[in-house]
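Colleague: In the working numbering, the protein residues as written are 4 to 564.
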Amino acid sequence: MYKKLIESSLKKAAKVDKVELEIPANPAYGDFSTNIGLKKGNPEEIKKNLTKDKSLSQIVSKIEIKEGFINFWLSKEALIDNLEKILKQKDNYGKDEIGKGKCVVIDYSSPNVAKRFSIGHLRSTVIGQAVYNLYTFLGFDTVGDNHLGDWGTQFGIILSAIEEKSFNPDSITLNELEELYVDYSKRAKENLALKEKAKDWFKRLEDKDKKARQIWEIVNKISLAEYQKIYDLLDIKIDYTYGESFYEDKMAKIISLAKAKKLAKKSRGALIIDLGKDLPPAMLIKSDGTTTYLTRDLAAIDFRLKKWNPSLIIYEVGSEQKLHFRQVFKAAELLGWAKKTSFVHIAHGLVLIGGKKMSTRKGTTIKLEDILEKAMDKAAELFEKAKVAKDIDSEEKKEIIKKVGIGAIKYFDLMHHPESDINFDWNSIFNLKGNSGPYLQYTYARTQSIINKSQIPNKKSLDLGAWKMQFNKEELSLLRILSQYQDVLVNAAKNYSPNILCSYLFNLAQKYNTFYSKHRILDISDKSSVMSQFRLAITVATGTVLKNGLLLLGIKAPEKM
RNA sequence: GCCCCGUUAGUUCAACGGAUAGAACAAAUCCCUUCUAAGGAUUAGAUGGGGGUUCGAUUCCCUCACGGGGCACCA
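#1: Locate the beta strand (DSSP E) running through residue 94, then write down its first and last residues.
#2: Alpha helix (DSSP H) containing residue 124: first to last residue?
#3: On the premise that residue 544 lies in contact with residue 86, defined as a C-beta separation below 8 Å, what is that separation, rounded to the nearest angstrom?
#4: Tell me where the alpha helix (DSSP H) around residue 151 begins and ends.
#5: Can you list, in chain order, the residues of its chain with a C-beta nearer than 8 Å to that of residue 93? Leave out the 5 residues immediately preceding and following it.
#6: List the whole-angstrom C-beta distance separating residue 335 from residue 341, where the pair is believed to meet the contact cut-off of C-beta under 8 Å.
#7: I need the DSSP call for residue 309, collapsed to helix, strand or coil.
#8: Give, in chain order, every unbroken run of the beta strand (DSSP E) that is at least 3 residues long and sits entirely within the region 432 to 465.
#9: Residue 138 to residue 4, Cα distance in whole Å?
#10: Can you tell me whether residue 565 is helix, strand or coil according to DSSP?
#11: Taking 8 Å as the cut-off, decide whether the C-beta atoms of residue 50 and residue 68 are in contact.
#12: I want to know whether the region 103 to 118 touches the region 306 to 320 - three or more CB-CB distances under 8 Å.
#13: Take residue 495 as the anchor and find which of 555, 377 and 525 has the nearest alpha-carbon.
#14: Return the first residue and the last residue of the beta strand (DSSP E) that residue 76 is part of.
#15: With H, G and I counted as helix, E and B as strand and the rest as coil, what does DSSP make of residue 318?
#16: Please work out which residues of its chain come closer than 8 Å, Cβ to Cβ, to residue 202, disregarding the five sequence neighbours upstream and downstream, and give them in chain order.
#17: Measuring only the C-alpha atoms, how far is residue 395 from residue 564?
#18: With a CB to CB cut of under 7 Å and the five nearest residues on each side skipped, what residues in its chain are close to residue 383?
#19: With residue 378 and residue 447 assumed to form a contact (beta carbons below 8 Å), what rounded beta-carbon distance in angstroms separates them?
#20: For residue 391, is the classification buried or exposed, using 16 other Cβ atoms within 10 angstroms of its Cβ as the cut-off for buried?
#21: Inspect the CB distances between the region 531 to 541 and the region 476 to 485 and report whether three or more fall short of 8 Å.
#22: Can you tell me which of 129, 119 and 113 puts its alpha carbon nearest to the alpha carbon of residue 499?
#23: Give the C-beta separation of residue 423 and residue 352 to the nearest angstrom, bearing in mind that I take them to be a contact with Cβ-Cβ under 8 Å.
#24: Could you give the first and the last residue of the continuous alpha helix (DSSP H) run that contains residue 509?
#25: In this structure, does DSSP put residue 422 in helix, strand or coil?
#26: With a CB to CB cut of under 8 Å and the five nearest residues on each side skipped, what residues in its chain are close to residue 224?
#27: Please report the distance separating the alpha-carbon of residue 13 from that of residue 485.
#28: Taking the alpha-carbon positions, what's the residue 462 to residue 327 distance?
#29: Indicate whether residue 75 and residue 63 have their beta-carbon atoms separated by less than 8 Å.
#30: Tell me whether the beta-carbon of residue 512 lies closer than 8 Å to the beta-carbon of residue 442.
#31: What's the C-alpha gap between residue 322 and residue 434?
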């Protein structure tokens with residue numbers, strides 16, 4: 004929030020309406036820095052104007068020009084004010100209203116029915132949820148929609164395979180369904196007749212064939228029950244689960260709209276929208292009369308615009324669908340939907356294993372359940388070695404292990420830039436040291452442990468009189484980082500990059516641990532000394548920010564571990 | 001063939017066109033009679049090749065090499 008204040012003073016001082024104020028990577032260059040002096044205007048003159056600004060001098064103690072940059076240092080008063088603010092606002096610290104009155108729809112998770120929940124969909128789920136949490140915290144009216152893959156030719160494959168093997172759909176498991184799918188699509192690659200049969204089954208489904216419908220419903224039920232287990236375990240709640248099938252009766256409208264706007268045209272027996280020479284056409288109806296994923300995506304946009312009137316729709320879907328979304332967005336633009344709404348595709352990278360892509364068809368996928376289970380085993384193993392383990396009953400132990408195990412998996416996913424491929428290997432995911440979820444959780448647990456030992460009642464406000472003394476290096480560094488929290492959240496949301504928040508939290512935790520090891524927080528002889536109170540306040544604030552930040556990432560922080 | 005994306009330390013990853021390219025793991029050395037050592041301190045180590053734009057390029061443009069994804073009737 005100091006950022007906004009400095010920015011507005013800077014705009015006045017430099018007589019411009021846009022400035023770039025950044026948090027320099029190197030703290031030796033101040034708390035904020037601008038390159039405006041390098042771009043236009045005279046740094047000296049801007050600085051002179053800035054020093055005249057009274058509101059600025061309350062929060063900034065030093066302005067320095069170095070190599071053309073203008074660097075700002077927050078005053079002690081400002082840093083202490085911020086510390087008090089954290090103690091007062093607690094879980095609300097960092098909240099913003101930049102999103103007030105604006106709606107964002109986030110399409111995420113979206114697994115394909117009849118297949119086990121893959122690690123790829125885990126990415127969409129975890130990143131999507133974090134982005135959802137971030138936007139909500141920043142005041143946006145946020146809507147999450149799980150766009151389930153429960154329609155389309157892939158379903159034809161399932162139906163055809165079930166019939167071929169005369170499986171009883173009532174007793175089928177998700178594992179068997181996936182096996183059927185893998186086996187069938189493998190054979191259909193070489194066998195055109197099988198392919199045709201699958202297409203025919205999808206046609207029957209779209210034509211409301213009774214048998215096809217029946218099986219479809221059962222398969223959905225089985226899949227959803229399985230997914231719900233995973234969502235429960237991962238602590239994921241998605242507002243809506245409309246799914247592709249929901250748009251079955253809403254596509255005709257889109258098709259006639261496209262026709263009315265003279266966008267749709269017949270081509271090679273199919274109905275398409277020409278998207279220009281840079282993109283393949285958008286296929287609305289295939290030559291066999293069935294619809295496509297894209298038609299459903301367009302119907303979904305129409306539906307979402309009418310229902311929520313969002314200013315932004317975010318799709319958290321794998322990068323292999325980049326071209327598809329370019330087509331969708333282009334078609335949406337042609338249909339006149341992009342005037343008040345923008346569209347973003349967070350194209351998450353692949354999850355590689357041994358540097359190679361996993362594939363359902365090739366059967367090289369790792370089961371998500373196995374991963375989660377193994378993560379918790381590992382967390383349990385480490386927990387047994389922990390100092391606090393013996394004082395904790397088995398019920399609480401279980402909870403902690405779950406939080407740590409799941410947290411490790413989620414953090415591993417979130418710490419990477421969404422668009423980069425991540426190399427999934429057991430060693431790094433179970434490396435619970437270093438830049439990892441458990442490291443952050445552990446740091447949080449440390450803060451809580453100290454707070455519990457402090458014997459200062461939490462309600463009583465801490466006396467921060469000690470700030471009048473010279474802060475030591477570690478204290479100063481923590482206070483400065485703590486003041487950046489909100490700017491980091493805004494930055495992470497704007498860039499659709501939870502990894503920015505991860506880096507920040509890791510940095511905070513590292514700085515706290517350094518502080519912890521160098522300085523005694525609770526005075527041994529007098530736990531309520533001025534010094535102890537001040538350091539305890541920093542501890543409380545660090546704990547608050549760590550906990551809140553982790554929560555935004557969808558990771559729970561245990562009090563002890 | 002065309003279109004996207006990537007190539008940063010031994011490894012896995014960061015860095016809105018900015019300052020001395022940050023971490024973690026692995027390696028080496030050190031710190032538990034003190035608030036949780038799942039911790040801390042120190043050392044060594046990197047922008048694929050070649051051009052260009054810029055006061056300034058890991059970042060933008062061109063090109064080459066390598067890797068990945070995708071290219072109307074799958075999602």
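Glycine residues also receive a C-beta, built at the ideal position from the N, C-alpha and C atoms.
Modeller: In brief:
#1: In the first sequence, the residue the question calls residue 94 occupies position 91. Note, residue 94: premise wrong, no beta strand (DSSP E); not H, not E.
#2: Position 121 of the first sequence holds residue 124. In the DSSP annotation of this structure, the continuous segment of the alpha helix (DSSP H) that includes residue 124 starts and ends at 122 to 140.
#3: Locating residue 86 in the first sequence gives position 83, where the first residue counts as 1. Locating residue 544 in the first sequence gives position 541, where the first residue counts as 1. Under the criterion of beta carbons closer than 8 Å, residue 86 and residue 544 qualify as touching, at roughly 6 Å.
#4: Indexing the first sequence from 1 puts residue 151 at position 148. That residue, residue 151, is in no alpha helix (DSSP H); it is neither H nor E in DSSP.
#5: Translated into the one-based positions of the first sequence, residue 93 becomes position 90. Result list for residue 93: 547, in chain order.
#6: By 1-based counting over the first sequence, the position of residue 335 is 332. By 1-based counting over the first sequence, the position of residue 341 is 338. Contact between residue 335 and residue 341 holds: their C-beta atoms lie close to 5 Å from each other, under 8 Å.
#7: By one-based count along the first sequence, residue 309 stands at place 306. Of the three classes helix, strand and coil, the one that applies to residue 309 here is helix, per DSSP.
#8: You should have found no qualifying run.
#9: Working through the first sequence from its first residue, we reach residue 138 at position 135. Working through the first sequence from its first residue, we reach residue 4 at position 1. If you draw a straight line from the Cα of residue 138 to the Cα of residue 4, it is about 17 Å long.
#10: There is no way to answer for residue 565, as the model of the chain reaches only from 4 to 564.
#11: To locate residue 50, count along the first sequence from 1; it is residue 47. To locate residue 68, count along the first sequence from 1; it is residue 65. Going by C-beta atoms, residue 50 is nearer than 8 Å to residue 68.
#12: As far as the Cβ criterion goes, the region 103 to 118 touches the region 306 to 320, which means the pair count is three or higher.
#13: Here residue 495 refers to the residue found at position 492 when the first sequence is read from its first residue. Shortest Cα-Cα distance from residue 495 to any of 555, 377 and 525 involves 555.
#14: Numbered from its first residue, the first sequence carries residue 76 at position 73. Taken as a continuous stretch (DSSP letters only), the beta strand (DSSP E) holding residue 76 covers 72 to 77.
#15: By 1-based counting over the first sequence, the position of residue 318 is 315. Residue state, collapsed to three classes: strand.
#16: Taking the first sequence and counting its residues from 1, one reaches residue 202 at position 199. Beyond the five residues adjoining it in sequence on each side, residue 202 comes within less than 8 Å, by CB distance, of 156, 159, 291 and 293 in the same chain, given in chain order.
#17: One-based indexing of the first sequence puts residue 395 at position 392. One-based indexing of the first sequence puts residue 564 at position 561. Linking residue 395 to residue 564 through their CA atoms gives a straight-line distance of about 9 Å.
#18: As a working mapping, residue 383 is identified with position 380 in the first sequence. Excluding its 5 nearest sequence neighbours in each direction, residue 383 has C-beta neighbours in its own chain below 7 Å: 404, listed in chain order.
#19: Translated into the one-based positions of the first sequence, residue 378 becomes position 375. Translated into the one-based positions of the first sequence, residue 447 becomes position 444. About 19 Å separates the beta carbons of residue 378 and residue 447, which is beyond the 8 Å limit, so they are not a contact pair.
#20: As a first step, residue 391 must be located in the first sequence, where it is residue number 388. By the 10 Å Cβ count, residue 391 comes out exposed.
#21: Contact between the region 531 to 541 and the region 476 to 485 is present, because at least three Cβ pairs lie under 8 Å.
#22: Taking the first sequence and counting its residues from 1, the one referred to as residue 499 is at position 496. Nearest C-alpha to residue 499: 129.
#23: As a position in the first sequence, residue 423 is number 420, starting the count at 1. As a position in the first sequence, residue 352 is number 349, starting the count at 1. So it is a contact: roughly 5 Å between Cβ atoms.
#24: Residue 509 sits at position 506 when you count from the first residue of the first sequence. Per DSSP, residue 509 belongs to the alpha helix (DSSP H) from 501 to 521.
#25: Residue numbering aside, residue 422 sits at position 419 when the first sequence is read from its first letter. Collapsing the DSSP output to three states places residue 422 in coil.
#26: Residue 224 sits at position 221 when you count from the first residue of the first sequence. Cβ contact annotation for residue 224 (same chain, cutoff 8 Å, sequence separation greater than five): none.
#27: Locating residue 13 in the first sequence gives position 10, counting from the first residue. Locating residue 485 in the first sequence gives position 482, counting from the first residue. Looking at the two C-alpha atoms, the distance is approximately 23 Å.
#28: Position 459 of the first sequence, counted from the start, is the residue given in the question as residue 462. Position 324 of the first sequence, counted from the start, is the residue given in the question as residue 327. Low per-residue confidence applies at residue 462: pLDDT is 47, beneath 50, and the placement is therefore not dependable, though the value from the model is reported in the following sentence. It is roughly 55 Å from the alpha-carbon of residue 462 to the alpha-carbon of residue 327.
#29: Position 72 of the first sequence holds residue 75. Position 60 of the first sequence holds residue 63. In this structure, the beta-carbon distance from residue 75 to residue 63 falls below 8 Å.
#30: Stepping through the first sequence from its first residue, residue 512 is reached at position 509. Stepping through the first sequence from its first residue, residue 442 is reached at position 439. Yes. Within cutoff.
#31: Position 319 of the first sequence, counting from 1, holds the residue named residue 322. Position 431 of the first sequence, counting from 1, holds the residue named residue 434. Those two C-alpha atoms are separated by around 27 Å.
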